[in-house]
Amino acid sequence: MLKTVNLHKKYNEYTALKSLNLEVGKGEIFALLGQNGAGKSTTINILLGLLKATSGDAYINGISVTEHPQEIKQHLAYIPETVLLYPNLTGIENLDFFSKIAGFNYTKKELSELLLRTGLQEIAHEKDLGGYSKGMRQKVGIAIALAKDAKVLLLDEPTSGLDPIATADFTEIVRQLGQQGRTVLMATHDIFNAVSVATNIGIMKQGELVQHLPSKSFTAEEVQELYLKTI
Amino acid sequence: MALLLLWLAGTVGIYTGKKFLERNEDIITKSASYQQQSITKNVALHQDNMGLLLYYLKFNFVNETPKLAALNIGMRDLNPSIQGVTIRNLEEQKHNSDFYNPANAAAGNFDFSFVLVFLFPLVIIAFCYNLISEDQEKGTWKLLSVQSGNLRRLIDAKIMIRVLAVSVIYLILLLTAVVWVGIPLDSHLFIFTGIGWLYLVFWFALCRWIISFQGSSAQNALSLVVCWVAMNFIIPMSANLIFQKIYPVKEGLEAQIAQREGYHNKWDEAKAPTMQKFYEAYPQFSKYKVDENVSSSYVWYYAMQHAGDMEAAVAAKVYDQQLKYRNDAATYLGYILPNIQTQLMGSKEAKTGMENYLAYGEALQKFHESQRLFFYPFIFSEQQAGMVDWSKQTVKVFNDSRKSDLFQLLLPYLFFITLLLILSNQKFKKLC
Chain A
1 MLKTVNLHKK YNEYTALKSL NLEVGKGEIF ALLGQNGAGK STTINILLGL LKATSGDAYI
61 NGISVTEHPQ EIKQHLAYIP ETVLLYPNLT GIENLDFFSK IAGFNYTKKE LSELLLRTGL
121 QEIAHEKDLG GYSKGMRQKV GIAIALAKDA KVLLLDEPTS GLDPIATADF TEIVRQLGQQ
181 GRTVLMATHD IFNAVSVATN IGIMKQGELV QHLPSKSFTA EEVQELYLKT I
Chain B
232 MALLLLWLAG TVGIYTGKKF LERNEDIITK SASYQQQSIT KNVALHQDNM GLLLYYLKFN
292 FVNETPKLAA LNIGMRDLNP SIQGVTIRNL EEQKHNSDFY NPANAAAGNF DFSFVLVFLF
352 PLVIIAFCYN LISEDQEKGT WKLLSVQSGN LRRLIDAKIM IRVLAVSVIY LILLLTAVVW
412 VGIPLDSHLF IFTGIGWLYL VFWFALCRWI ISFQGSSAQN ALSLVVCWVA MNFIIPMSAN
472 LIFQKIYPVK EGLEAQIAQR EGYHNKWDEA KAPTMQKFYE AYPQFSKYKV DENVSSSYVW
532 YYAMQHAGDM EAAVAAKVYD QQLKYRNDAA TYLGYILPNI QTQLMGSKEA KTGMENYLAY
592 GEALQKFHES QRLFFYPFIF SEQQAGMVDW SKQTVKVFND SRKSDLFQLL LPYLFFITLL
652 LILSNQKFKK LC
């Protein structure tokens with residue numbers, strides 16, 4: 001479903017990714033751990049087609065990201081660390097707009113249901129996004145990803161800055177998406193969250209995937225210890 | 232707000248044109264009765280002296296001003312739409328006319344064409360400069376990019392909404408002008424409307440190309456404003472200086488001096504050479520002989536006037552030729568600068584440009600000649616004023632019926648719009 005083959009990215013003399021080989025199957029949730037600058041976001045940006053790999057390639061549903069950067073976007077949904085939307089539009093209007101440009105035309109009721117699925121209370125749907133907290137904006141971002149009905153989800157530190165309840169809600173949604181057969185690649189700093197939701201965990205260091213662990217075999221503490229030793 | 236201001240500026244522009252047209256029409260209407268009054272008064276005073284009568288009588292020749300001139304005053308504020316000429320020398324009279332405040336002429340009129348050429352692009356720039364960069368700077372671009380499988384289509388949709396909004400204002404203004412000024416719905420109006428709209432599309436295409444570089448909002452705005460300033464001021468002004476250098480029109484003054492000297496010197500010269508030249512030009516009047524010793528003769532007097540024009544003919548021709556060359560050079564410049572093209576072609580359709588002025592000058596010369604040929608026999612045979620049917624001496628009108636070449640009109644717009652679309656499409660291919 002998601003595969004990288006010898007993915008390499010250099011910025012002048014700096015190497016951000018070194019021959020990354022990664023495979024995430026259908027229904028799998030892969031959590032990428034690593035320090036800032038380890039190459040997590042670079043990997044996601046290449047998969048999104050926002051960055052060009054120096055060498056190697058990545059495939060979404062067998063389609064080459066390098067050769068078909070536009071086409072692969074139909075199969076992807078993305079939730080960034082901070083979901084930035086239009087502050088002068090309401091939550092439901094933002095969802096409607098971003099769904100429409102993805103080619104989905106939902107009724108108001110359907111849009112409202114999508115927002116409710118993310119845990120965003122109905123009273124907030126018609127309020128301008130400018131008045132939303134970060135957690136509420138993230139929920140609209142999740143709704144946008146859900147609305148696209150994509151097979152592959154790329155999450156770049158999605159729970160960063162969320163309160164524990166919002167993080168737990170979010171984690172539950174991601175778990176459900178995995179159970180529904182979605183492929184999820186999630187870059188995160190949150191080891192406990194990663195262990196609780198991911199099927200596989202990878203630890204990155206200086207652009208390399210240095211550890212690849214099936215999360216069920218390890219406790220959060222063990223992963224944390226390994227992580228601290230690795231980096 | 233920007234559209235409202237544009238509409239307001241456009242309405243003021245139409246009002247300026249309407250007032251100009253009304254003033255022009257008022258002058259032309261009154262001139263007919265003034266000419267009639269002048270003829271009646273002078274005929275009564277100089278019944279027995281046709282030579283003296285025709286010395287005073289002025290005959291008005293109108294350069295027909297279409298209603299469309301309200302949208303493009305062009306050179307009509309400098310060059311009058313009506314000129315009264317006696318049958319004496321022409322060259323001095325041609326350039327001896329009233330014109331409006333030169334200070335106003337220097338700044339140009341705040342007419343609809345000014346709004347179209349200068350203000351509409353500014354609003355288009357304000358609408359488009361941050362079409363991509365705003366999302367990039369606010370952080371929504373990444374999500375837009377992932378959500379949309381075709382970002383170029385998304386940007387084009389945004390541009391099309393703006394094209395639609397600006398076009399609606401443009402058409403509302405033109406519709407207002409049609410109703411308010413009474414502009415006829417003819418091919419000239421349609422061509423004027425078409426080239427104006429293509430000019431707006433050109434600016435949208437230019438904005439599309441600039442934003443395709445994906446610079447910051449500040450970079451885009453600066454680039455577009457530099458284009459606006461260069462196209463509207465720096466290049467035309469520099470070109471004007473060059474044209475003035477290449478095609479100086481000192482012959483205008485030379486023609487006047489040659490005419491004055493040609494005429495005045497004849498008073499101190501022998502009559503025979505003057506008459507010889509006159510008879511060569513008009514063999515039909517060779518029967519009206521002038522004795523060298525006679526102190527005064529209207530045949531000799533009008534022959535001297537004619538000699539003035541003859542001696543100024545070369546300079547006058549060169550003057551017109553130089554003006555034509557300048558206009559041709561401006562036309563060529565219009566092929567690469569759509570704003571110049573819009574001004575020139577708008578003036579052409581509204582008959583307010585240099586070509587119309589030159590054509591009117593030529594027609595005025597023919598009119599002057601026809602008046603001379605009509606009155607000379609009455610003067611030379613010393614007829615009574617009552618022998619002339621003065622009721623036929625009404626104000627005559629020049630109608631500039633030249634048609635525009637659509638290919639020449641549209642090609643610069645279509646070329647640049649297509650080129651900019653192709654160039655921006657190339658850049659958009661790299662859009663992610």
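Chains as they are written, first to last, in the working numbering: chain A, 1 to 231; chain B, 232 to 663. In this text, a Cβ means the ideal position worked out from N, Cα and C, and glycines have one as well.
Backbone CA spacing between residue i and residue j [nearest angstrom]
i                 : j                 : result
Ala543 of chain B : Gly493 of chain B : 8 Å
Ala275 of chain B : Leu589 of chain B : 36 Å
Glu67 of chain A  : Ile60 of chain A  : 11 Å
Phe358 of chain B : Ile79 of chain A  : 30 Å
Gly181 of chain A : Lys10 of chain A  : 34 Å
Glu122 of chain A : Gly161 of chain A : 23 Å
Tyr331 of chain B : Gln314 of chain B : The pLDDT assigned to Tyr331 of chain B is 46, lower than 50, so where the model puts this residue is not dependable, and the model offers no usable value.
Tyr86 of chain A  : Leu385 of chain B : 16 Å
Ser133 of chain A : Glu110 of chain A : 23 Å
Ser632 of chain B : Val549 of chain B : 25 Å
Ala486 of chain B : Leu321 of chain B : 11 Å
Leu234 of chain B : Gln553 of chain B : 42 Å
Ala336 of chain B : Ile465 of chain B : Because Ala336 of chain B sits at a pLDDT of 48, beneath the cut-off of 50, its placement in the model cannot be relied upon, and the point is left open.
Gln367 of chain B : Lys373 of chain B : 7 Å
Pro333 of chain B : Leu353 of chain B : With a pLDDT of only 49 at Pro333 of chain B, under 50, the local geometry of the prediction cannot be trusted, and the value read off the model is given with reservation. Distance between the alpha carbons of Pro333 of chain B and Leu353 of chain B is about 27 Å.
Trp440 of chain B : Val140 of chain A : 33 Å
Ile392 of chain B : Val65 of chain A  : 32 Å
Gln490 of chain B : Ala501 of chain B : 18 Å
Leu416 of chain B : Val409 of chain B : 8 Å
Leu47 of chain A  : Glu93 of chain A  : 28 Å
Ala263 of chain B : Ser622 of chain B : 12 Å
Asp551 of chain B : Ser517 of chain B : 31 Å
Glu28 of chain A  : Phe433 of chain B : 51 Å
CB-CB length for residue i against residue j, believed under 8 Å
i                 : j                 : result
Thr159 of chain A : Thr118 of chain A : Actually they are not in contact, since the Cβ atoms of Thr159 of chain A and Thr118 of chain A sit about 13 Å apart, beyond 8 Å.
Lys389 of chain B : Leu362 of chain B : 5 Å
Ile355 of chain B : Leu431 of chain B : 7 Å
Val184 of chain A : Leu153 of chain A : 5 Å
Thr583 of chain B : Asn303 of chain B : 6 Å
Leu220 of chain B : Ile610 of chain B : Outside the shown range of chain B (232 to 663) lies residue 220 of chain B, about which nothing can therefore be said.
Ile318 of chain B : His495 of chain B : Their Cβ separation, rounded to whole angstroms, is 18 Å, which puts Ile318 of chain B and His495 of chain B out of contact at 8 Å.
Ala143 of chain A : Leu114 of chain A : 5 Å
Leu76 of chain A  : Ala150 of chain A : 5 Å
Gly247 of chain B : Asp308 of chain B : As written in the sequence, residue 247 of chain B is Thr, which differs from the Gly given in the question. Not confirmed; about 10 Å, so no contact.
Paired residues, beta bridge with residue i - DSSP
i                 : result
Val152 of chain A : A:Leu76, A:Thr183
Met468 of chain B : Beta-bridge pairing links Met468 of chain B to no other residue.
Lys9 of chain A   : A:Leu17
Asp636 of chain B : Bridge partners of Asp636 of chain B: none, in fact.
Met391 of chain B : According to DSSP, Met391 of chain B bridges with nothing at all.
Met204 of chain A : A:Gly34, A:Leu209
Lys629 of chain B : In the sequence on display, residue 629 of chain B carries Phe and not Lys. Per DSSP, B:Asn294.
Glu23 of chain A  : A:Lys3
Asp128 of chain A : A:Thr90
Asp57 of chain A  : A:Val5
Gln314 of chain B : B:Phe292
C-beta neighbour in chain A for residue i, strict 9 Å
i                 : result
Leu374 of chain B : yes
Val255 of chain B : Note that residue 255 of chain B is Asn in the sequence shown, not Val. Cβ-Cβ to chain A under 9 Å: no for Asn255 of chain B.
Leu362 of chain B : no
Asn656 of chain B : no
Contacts that residue i makes with chain B (C-beta to C-beta distance below 8 Å)
i                : result
Phe98 of chain A : Leu374, Leu375, Gln378
Lys73 of chain A : Ser376, Val377, Gln378, Ser379, Gly380
Beta carbon proximity, residue i to chain B, threshold 9 Å
i                 : result
Pro80 of chain A  : yes
Lys127 of chain A : no
Ile60 of chain A  : no
Gln138 of chain A : no
Ala168 of chain A : no
Gln70 of chain A  : yes
Gly131 of chain A : no
Chain A residues whose Cβ lies nearer than 9 Å to that of residue i
i                 : result
Gly305 of chain B : By Cβ distance, chain A contributes nothing, its closest Cβ being about 44 Å from Gly305 of chain B, past 9 Å.
Leu385 of chain B : Ile101
Within chain A, partners of residue i - CB distance below 7 Å
i                 : result
Lys369 of chain B : Leu84
Contacts that residue i makes with chain B (C-beta to C-beta distance below 7 Å)
i                : result
Lys26 of chain A : Neighbours of Lys26 of chain A on chain B: none; closest Cβ ~20 Å, over 7 Å.
Leu2 of chain A  : Under the 7 Å cutoff, chain B gives no residues; its nearest Cβ is about 15 Å from Leu2 of chain A.
9 Å Cβ cut-off: residues of chain B touching residue i
i                 : result
Lys148 of chain A : Val377, Gln378
Leu185 of chain A : The premise fails here: Leu185 of chain A is roughly 13 Å from chain B at the closest Cβ pair, so nothing lies under 9 Å.
Partners in chain E for residue i, counting only beta-carbon separations shorter than 7 Å
i                 : result
Ile142 of chain A : Absent from the structure: chain E. Protein chains present are A and B.
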